[in-house]
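Line order of the protein sequences matches chains A and B.
Residues in the first sequence are numbered consecutively from 419, following the numbering used here.
Residues in the second sequence are numbered consecutively from 13, following the numbering used here.
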Amino acid sequence: MLTPKVAKVERGRRKLAVLTLGAIGLAAALTAAALAAPNRTTVAAAIYVPTDPGYVVATVPARDPAEVAARQALAAAPDRLDLAVELARGDLQRYRALSDPRYLGRAQATLGRWWALAQPPPEVLLLRATIEQSIHQFPEARADLDRVLAARPDDAQALLTRAVVATITADYPAARASCAAVARLASPIVVAACEAPLDAIAGKADEAYARLAKLVSPRAGDAAVRGWALTELAELAYMRGDTAAAAAHASDALALDPDDAYARNLRADVLVASGRTADASQLLAGREQIDSHLVRRAIAEHQLRGPDADRLVAMMRERIAAAAARGDRIHLREEARFTLDVERDAVRAVRIARDNWRVQKELADARLLAEAAATARDSAAAEPVIAWRRSTGVHDVALDRWLARLAAFEVMP
Amino acid sequence: MKPGVLAALALTWVAARPAWAHKPSDAQLRLAVEGDTIRGRLDVAVRDLDGALGLDADGNGEITWAELSASAPRIAAYLEHRLVVSGGDGACAQAQGTGALVALSDGAYWAVPVSATCSRTPRAIEIGYSLLFDIDAMHRGLAHIGGQTVILRDPAPVWIALDEPRSFASFASFVKEGVWHIWQGIDHILFLLCLILPAVFQRRTQRWAAADSLRDVCKEVFETVTAFTLAHSITLVISAVGLLSLPQRFVETAIALSVVAAALNNILRTVDARWAVAFALGLLHGFGFSSVLIDLGLPSHELIGALLGFNLGVELGQAAIVGALLPVLFWIRRTLAYQALLWAGSGTVAIIASMWSYQRWVG
Numbered sequence: 419m420l421t422p423k424v425a426k427v428e429r430g431r432r433k434l435a436v437l438t439l440g441a442i443g444l445a446a447a448l449t450a451a452a453l454a455a456p457n458r459t460t461v462a463a464a465i466y467v468p469t470d471p472g473y474v475v476a477t478v479p480a481r482d483p484a485e486v487a488a489r490q491a492l493a494a495a496p497d498r499l500d501l502a503v504e505l506a507r508g509d510l511q512r513y514r515a516l517s518d519p520r521y522l523g524r525a526q527a528t529l530g531r532w533w534a535l536a537q538p539p540p541e542v543l544l545l546r547a548t549i550e551q552s553i554h555q556f557p558e559a560r561a562d563l564d565r566v567l568a569a570r571p572d573d574a575q576a577l578l579t580r581a582v583v584a585t586i587t588a589d590y591p592a593a594r595a596s597c598a599a600v601a602r603l604a605s606p607i608v609v610a611a612c613e614a615p616l617d618a619i620a621g622k623a624d625e626a627y628a629r630l631a632k633l634v635s636p637r638a639g640d641a642a643v644r645g646w647a648l649t650e651l652a653e654l655a656y657m658r659g660d661t662a663a664a665a666a667h668a669s670d671a672l673a674l675d676p677d678d679a680y681a682r683n684l685r686a687d688v689l690v691a692s693g694r695t696a697d698a699s700q701l702l703a704g705r706e707q708i709d710s711h712l713v714r715r716a717i718a719e720h721q722l723r724g725p726d727a728d729r730l731v732a733m734m735r736e737r738i739a740a741a742a743a744r745g746d747r748i749h750l751r752e753e754a755r756f757t758l759d760v761e762r763d764a765v766r767a768v769r770i771a772r773d774n775w776r777v778q779k780e781l782a783d784a785r786l787l788a789e790a791a792a793t794a795r796d797s798a799a800a801e802p803v804i805a806w807r808r809s810t811g812v813h814d815v816a817l818d819r820w821l822a823r824l825a826a827f828e829v830m831p
Numbered sequence: 013m014k015p016g017v018l019a020a021l022a023l024t025w026v027a028a029r030p031a032w033a034h035k036p037s038d039a040q041l042r043l044a045v046e047g048d049t050i051r052g053r054l055d056v057a058v059r060d061l062d063g064a065l066g067l068d069a070d071g072n073g074e075i076t077w078a079e080l081s082a083s084a085p086r087i088a089a090y091l092e093h094r095l096v097v098s099g100g101d102g103a104c105a106q107a108q109g110t111g112a113l114v115a116l117s118d119g120a121y122w123a124v125p126v127s128a129t130c131s132r133t134p135r136a137i138e139i140g141y142s143l144l145f146d147i148d149a150m151h152r153g154l155a156h157i158g159g160q161t162v163i164l165r166d167p168a169p170v171w172i173a174l175d176e177p178r179s180f181a182s183f184a185s186f187v188k189e190g191v192w193h194i195w196q197g198i199d200h201i202l203f204l205l206c207l208i209l210p211a212v213f214q215r216r217t218q219r220w221a222a223a224d225s226l227r228d229v230c231k232e233v234f235e236t237v238t239a240f241t242l243a244h245s246i247t248l249v250i251s252a253v254g255l256l257s258l259p260q261r262f263v264e265t266a267i268a269l270s271v272v273a274a275a276l277n278n279i280l281r282t283v284d285a286r287w288a289v290a291f292a293l294g295l296l297h298g299f300g301f302s303s304v305l306i307d308l309g310l311p312s313h314e315l316i317g318a319l320l321g322f323n324l325g326v327e328l329g330q331a332a333i334v335g336a337l338l339p340v341l342f343w344i345r346r347t348l349a350y351q352a353l354l355w356a357g358s359g360t361v362a363i364i365a366s367m368w369s370y371q372r373w374v375g
């Protein structure tokens, strides 16, 4: 056995050896950092030149002769508001069909001559509000819609858009008033679809579901109205915890319009909620250009540990970085969801979800903030959602579950 | 229903369902100064060029390489007319090279080499950029120059100073983040606490007794803290530069488990050499620190500075905690209060940290 003194010397040497090793390791790591540093700068991607003349470089909407003619006519007579409005509407339709925000910018540019006027014509204000709403500038959209309605109180388009914007920003009395005003102008199914999210948030999901379900029939309204009503039905069913009905309604909506990104997301969410993650991923496969599809598919594949997971996660990170480089904060909902489910950084997810809640206050946003806060065990962060639930009386299976979990943490020491 | 309402509803559908998608229209302009010359490349989306110039000759919705190369002169004229790069304080001869394709995340871009040869070494770059704004009001040019990115949102010329001396403020902000992180990171603090709690009560060959001199205690604590510092610095650097990255769930759970281990070691006294515990488990904590640093947006050109600053901050934060605590511990080392703190405190920490481990693992 070693005498205490020898043991002490022995220990001292060992200590010295490990600390030296550590210092060498640190030096090596710093050197590696210095060497790796240039690789982290934004490196330009490699260029290529195709050899096949028929190689398709990019796809764009096929040329529409009427649009070309209208553009030429507008170029010849830049003051023609009717042409500009028609062209901007066309851009918005393309935005809708392709979910490509490029066409929002094109619509804005087409209206450029009237866009920044102190008193733009009502039709320009309405289009401007639609564009603002699409890029989540809700207060601006609301102000423009109020101006349109001051000039044209019976503009159904403006009333419905105002109802949507007011619902998203939690101004429920204004949304109700707009839906009520629509009742004079449109069929009952439109009014029911307009009021469905309001009733749902007011804790009357059952009544809203029954009312809307009765009105949805193959002969009610056109396909767009039916699709809209079906997604509202799916939302209501999902809220009530009836995933089977929610799945069926979302499928019906999707059958009416396969390009309806909203219905597709809804269907995917319902599939995930009922444990069919692989089917959800399948539903979104090949549509990753759309951020809200990409984020869902990346999360699904990540959870399934699928072969595509790494590529999709990298794509989503790239998308978020690209938006940040532009200074855009439009992806907050998707970003928070991704940060929570894939990056597993609940604290950061709470921050993003809270920023998101300042902009939009739909049920999905409430669920997101509640889930992030529960995961981060940060009850203070969920305060706005708790207050919102108290003031509205909303009942939602998912939201209630997360808030209950959060309350349970508070009780724990 | 009135026809007007029908048309309106089709539009409302757009309004009601904002499914933001794709990247919006961005062009990338990367520039660097080499001697008297500014050199770089401009990447513009082929779809955007089609919007401005109509590249799809047959109008079938597919832009082929043949159609694109036939339009190359028109593209070159458009870009030369709408992008002006100069040195700011002297005349520069601008030239654009032959275009080629580059595949970015959202499709094919037209890449054009850009150069501007100036009469003297530029100290700033002036960019006059007026691409696409007239057809897409949401278009943005993103100019990347020496680690900074400038967003070009209108045709007004933008002036970018070069070699802006990296301010001390930036280094200081990383130091601050480091201090802040250790103070906020209760798991790091508890880990450190568990390691220094027994320092005032040392083993003498076979039995335990209160330490006699503050000097010995300080020495031991210094060794422990240094070992922790070295270990987490190594892994912090390794993961911050991307040499090795571990899933956050594993890291966070492992950090919680390391706190359990340190706390249990105070009760079970398995390992006497706490500096060894500090070193081995400290490696885990470095991975945790790096996620914070990456979140801050690690600037590549001052990586080392940022790492040093952040690490220095972590050490200062640690030192403040230890410095405040150690005299108190030394003072109460012979009392029952200390024994209670050592045993009950370690036990409580072990339980809490076990719960964390579970929660972090199940997410």
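Glycine included, each C-beta is placed from N, C-alpha and C at the ideal position.
For residue 257 of chain B, the closest Cβ of chain A is not nearer than 8 Å. For residue 213 of chain B, the secondary structure class from DSSP, reduced to helix, strand or coil, is strand. Three or more beta-carbon pairs drawn from the region 528 to 543 of chain A and the region 503 to 512 of chain A are found closer than 8 Å, and the two stretches are therefore classed as touching. Of A:627, A:636, A:824, A:509, the smallest CA-CA separation from residue 796 of chain A is found for A:824.
In the structure shown, the three-state DSSP call for residue 780 of chain A is coil. By the criterion of at least three beta-carbon pairs nearer than 8 Å, the region 350 to 361 of chain B is not in contact with the region 244 to 257 of chain B. Looking at the DSSP output, residue 559 of chain A shares a beta bridge with no other residue.
Scanning its chain for C-beta atoms nearer than 7 Å, with the 5 sequence neighbours on each side dropped, one finds no residue around residue 331 of chain B. The region 611 to 688 of chain A is shown to contain no whole beta strand (DSSP E) run of 3 or more residues. Under DSSP, no beta-bridge partner is assigned to residue 340 of chain B. Residue 637 of chain A counts as exposed, since fewer than 16 other C-beta atoms from the protein chains shown sit within 10 angstroms of its C-beta.
In the DSSP assignment, residue 749 of chain A falls outside any beta strand (DSSP E), carrying neither H nor E. Setting aside the 5 residues that flank it on each side, residue 42 of chain B is surrounded in the same chain by 52, 53, 156, each with a C-beta closer than 6 Å to its C-beta; the list follows chain order.
One finds 163 in chain B with Cβ atoms closer than 7 Å to the Cβ of residue 745 of chain A, taken in chain order. Looking at the DSSP output, residue 106 of chain B sits in a beta bridge with B:128. Its Cα nearest to that of residue 728 of chain A, the residue A:761 stands out among A:700, A:743, A:761, A:742. Straight across, the Cα-Cα distance linking residue 693 of chain A with residue 660 of chain A is about 14 Å. Shown here, residue 328 of chain B sits in a helix according to DSSP, grouped into three states. What residue 527 of chain A touches in chain B, judged by beta-carbon distance under 9 Å, is 144, 145, 146, 147, 148, 149, 150, 151, going in chain order.
For residue 747 of chain A, the closest alpha carbon among the candidates A:618, A:647, A:554 is that of A:554.
Boundaries of the beta strand (DSSP E) around residue 140 of chain B: 136 to 141. In terms of Cβ geometry, residue 653 of chain A and residue 691 of chain A do not form a close pair [threshold 8 Å]. The Cβ of residue 260 of chain B sits closer than 8 Å to at least one Cβ of chain A. Residue 754 of chain A has its alpha-carbon roughly 31 Å from the corresponding atom of residue 610 of chain A. The Cβ atoms of residue 672 of chain A and residue 682 of chain A lie closer than 8 Å to each other.
Proximity to residue 44 of chain B across B:129, B:151, B:272 peaks at B:129, based on C-alpha coordinates. Interface annotation, residue 37 of chain B: in contact with chain A, CB-CB separation under 8 Å. Remark: fewer than three beta-carbon pairs, one from each stretch, lie closer than 8 Å, so the region 487 to 502 of chain A and the region 118 to 128 of chain B are not flagged as touching.
Counting the other CB atoms within 10 Å of its CB gives residue 265 of chain B a total of 16 or more, which places it among the buried residues. Below the 8 Å Cβ cutoff, chain B contributes no neighbours of residue 542 of chain A, its closest Cβ being approximately 13 Å away. Every alpha helix (DSSP H) of 4 residues or more that sits fully in the region 216 to 268 of chain B is shown, in chain order, as 226 to 252. With respect to residue 479 of chain A, residue 77 of chain B sits apart: the two C-beta atoms are not nearer than 8 Å. By the Cβ-count criterion, residue 279 of chain B is exposed, with fewer than 16 other Cβ atoms from all chains shown falling within 10 Å of its own Cβ.
Per DSSP, the beta-bridge partners of residue 98 of chain B are B:138. Residues of chain B with a Cβ closer than 8 Å to the Cβ of residue 530 of chain A are, in chain order, 146, 149. DSSP places residue 553 of chain A in the coil class of the three-state scheme, outside both helix and strand.
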